[in-house]
Amino acid sequence: MEMCTFIWSEYDRGFGNMNGEFWLGLGKIHELTYSRRYELHVILEDWDGVRAVARYSDFLVAGPEEGFMLRSLGNFSGSAGDSLRNHLGMKFTTFDVDNDERVQLIHPQPGFRDPFEVFCDQEYEGGGWIVVQNRYDGSVHFYRGWNDYERGFGDLEGEMWLGLGKIHELTYSRRYELHVILEDWDGVRAIDRYSSFLVAGPEEGYMLRNLGNFSGSAGDSLTNYDLDMAEMAEERKERQKSTENSQIELLVRLLQQQNEHLTMKLQRLEDHYTNLTNVRQEQKEDSIISYFK
Numbered sequence: 001m002e003m004c005t006f007i008w009s010e011y012d013r014g015f016g017n018m019n020g021e022f023w024l025g026l027g028k029i030h031e032l033t034y035s036r037r038y039e040l041h042v043i044l045e046d047w048d049g050v051r052a053v054a055r056y057s058d059f060l061v062a063g064p065e066e067g068f069m070l071r072s073l074g075n076f077s078g079s080a081g082d083s084l085r086n087h088l089g090m091k092f093t094t095f096d097v098d099n100d101e102r103v104q105l106i107h108p109q110p111g112f113r114d115p116f117e118v119f120c121d122q123e124y125e126g127g128g129w130i131v132v133q134n135r136y137d138g139s140v141h142f143y144r145g146w147n148d149y150e151r152g153f154g155d156l157e158g159e160m161w162l163g164l165g166k167i168h169e170l171t172y173s174r175r176y177e178l179h180v181i182l183e184d185w186d187g188v189r190a191i192d193r194y195s196s197f198l199v200a201g202p203e204e205g206y207m208l209r210n211l212g213n214f215s216g217s218a219g220d221s222l223t224n225y226d227l228d229m230a231e232m233a234e235e236r237k238e239r240q241k242s243t244e245n246s247q248i249e250l251l252v253r254l255l256q257q258q259n260e261h262l263t264m265k266l267q268r269l270e271d272h273y274t275n276l277t278n279v280r281q282e283q284k285e286d287s288i289i290s291y292f293k
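Using UniProt numbering, you'd call the opening residue of the sequence shown number 1 and step up by one each time.
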């Protein structure tokens with residue numbers, strides 16, 4: 001089949017030759033998967049004939065009124081790697097009908113809470129990145145207590161903090177990378193990349209468990225804070241006894257320690273590392289964004 005770009009209506013009704021290369025059609029796939037239970041097998045074969053298979057025990061695609069959202073995959077098995085799980089709750093998208101860069105419903109692995117919404121950026125480095133924190137104009141204040149940081153706050157399509165509980169569930173459901181993006185007022189960007197991002201649960205104070213290997217241009221300011229969050233939580237409780245305005249520099253100290261502007265910001269002061277939740281200043285400071293994938 002010739003390489004060409006198909007539009008939404010063609011993906012909806014299907015295209016190609018059933019005896020050759022083809023796409024069955026979203027409408028038909030929806031009707032089939034809603035008529036009875038189906039498994040999905042994805043078979044990959046390289047030029048040398050080597051095969052890898054990804055198997056999903058329960059495949060369900062919603063109808064057109066929900067943008068043919070991927071509703072269920074069931075359990076995964078196989079040798080190809082689970083590359084579809086992160087698309088659960090996402091709508092189908094084409095170049096002429098973009099359902100990508102918006103709030104999406106995410107399903108953590110079984111054993112965690114019900115599905116919850118996240119903001120997925122489909123432009124940054126190939127798309128599929130979940131925004132953990134976004135801070136850029138001061139419309140949301142980050143000078144908050146433990147409960148707010150645990151459940152999350154702000155507007156998913158604006159300034160926001162996703163929430164420690166959700167970050168823990170996501171990072172324990174599959175492997176994620178963490179990218180911290182800093183941007184100054186002149187539009188100059190610097191990026192920190194961590195190859196593995198893992199945050200423990202509430203019983204361990206949302207400890208930053210793993211960051212993997214570091215690369216990037218902004219400087220590694222998180223590895224020094226690979227500390228026990230439970231201890232920090234206790235310290236915070238003590239501080240609150242003496243001052244009501246005690247800031248829980250929490251940003252998971254993961255994100256914690258003195259930042260300022262961002263989605264995830266890193267100060268350039270030599271005696272500070274990361275504080276993405278500090279009080280915003282109306283002066284030239286660095287700005288940043290945090291993604292994980």
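For every residue, glycine included, the Cβ atom is placed at its ideal position computed from N, Cα and C.
Predicted model only: the values in this text are computed from it and were never measured.
If I measure Cβ to Cβ from residue i and keep anything under 8 Å in the same chain, skipping five residues before and after, which residues do I get?
| i | result |
| --- | --- |
| Asp58 | Arg37, Tyr38, Glu39, Ser72, Leu73, Gly74, Asn75 |
| Ser9 | none |
| Val53 | His41, Val42, Ile43, Leu44, Gly78, Ser79, Ala80 |
| Glu177 | Arg193, Tyr194, Ser195, Ser196, Phe197, Gly212, Phe292, Lys293 |
Of the residues the options, which one's Cα is nearest the Cα of residue i?
| i | options | result |
| --- | --- | --- |
| Met69 | Tyr56, Arg51, His30 | His30 |
| Asn134 | Glu117, Leu156, Tyr149 | Leu156 |
| Met207 | Gln104, Gly145, Glu177, Leu164 | Leu164 |
| Phe6 | Gly67, Val42, Val97 | Val97 |
| His179 | Leu198, Arg102, Gly25 | Leu198 |
| Val118 | Ser195, Trp146, Asn86, Asp148 | Asn86 |
| Val131 | Asp148, Phe95, Gly152 | Gly152 |
| Trp146 | Asp186, Tyr176, Ser195, Pro202 | Pro202 |
| Glu93 | Phe112, Gly128, Leu60, Asp137 | First, the amino acid is wrong: residue 93 is Thr here, not Glu. Checking every option, the nearest Cα to that of Thr93 belongs to Gly128. |
| His168 | Thr223, Phe112, Glu183 | Phe112 |
| Glu150 | Pro115, Phe95, Ala200 | Ala200 |
| Asp121 | Asn99, Phe142, Gly138 | Asn99 |
| Asp184 | Asp48, Tyr143, Gly158, Tyr136 | Tyr136 |
Kindly give me the distance between the Cβ atoms of residue i and residue j, rounded to whole angstroms, as I take these residues to be in contact under 8 Å.
| i | j | result |
| --- | --- | --- |
| Tyr34 | Trp23 | Tyr34 to Trp23, Cβ: 19 Å. No contact. |
| Ile191 | Gly219 | Rounded, the Cβ-Cβ distance is 10 Å, inconsistent with contact. |
| His107 | Gly89 | 6 Å |
| Gly67 | Lys91 | 3 Å |
| Tyr56 | Leu84 | 7 Å |
With DSSP as the reference, please indicate the residues paired to residue i in a beta bridge.
| i | result |
| --- | --- |
| Trp129 | Asp121 |
| Trp23 | Phe15 |
| His41 | Arg55 |
| Val199 | Leu208 |
| Gly67 | Answer is none; Gly67 lacks a bridge partner. |
| Gly49 | For Gly49, which the question treats as bridged, DSSP gives no partner whatsoever. |
| Met90 | DSSP lists no partner for Met90. |
| Ile29 | Answer by DSSP bridge pairing: none, since Ile29 is not bridged. |
| Trp161 | Gln133, Phe153 |
| Phe116 | Ile106 |
Below 7 Å CB to CB, which residues in the same chain sit around residue i once its five sequence neighbours on both sides are set aside?
| i | result |
| --- | --- |
| Gly154 | Val140, Met160, Trp161 |
| Glu45 | Arg51 |
| Lys28 | Gly14 |
| Lys166 | Phe116, Gly152 |
| Leu105 | Gly89, Pro115, Glu117 |
| Asp48 | none |
Going by beta carbon distance, what residues of the same chain come within less than 6 Å of residue i, once the five residues before and after it are set aside?
| i | result |
| --- | --- |
| Arg193 | His179, Ser215, Gly216 |
| Val103 | Glu117, Phe119, Leu156 |
| Met18 | none |
| Ser196 | Asn210, Gly212 |
| Gly25 | Arg13, Gly14 |
| Glu60 | It should be pointed out that residue 60 corresponds to Leu in this sequence rather than to Glu. Contacts found: Thr33, Arg71, Ser72. |
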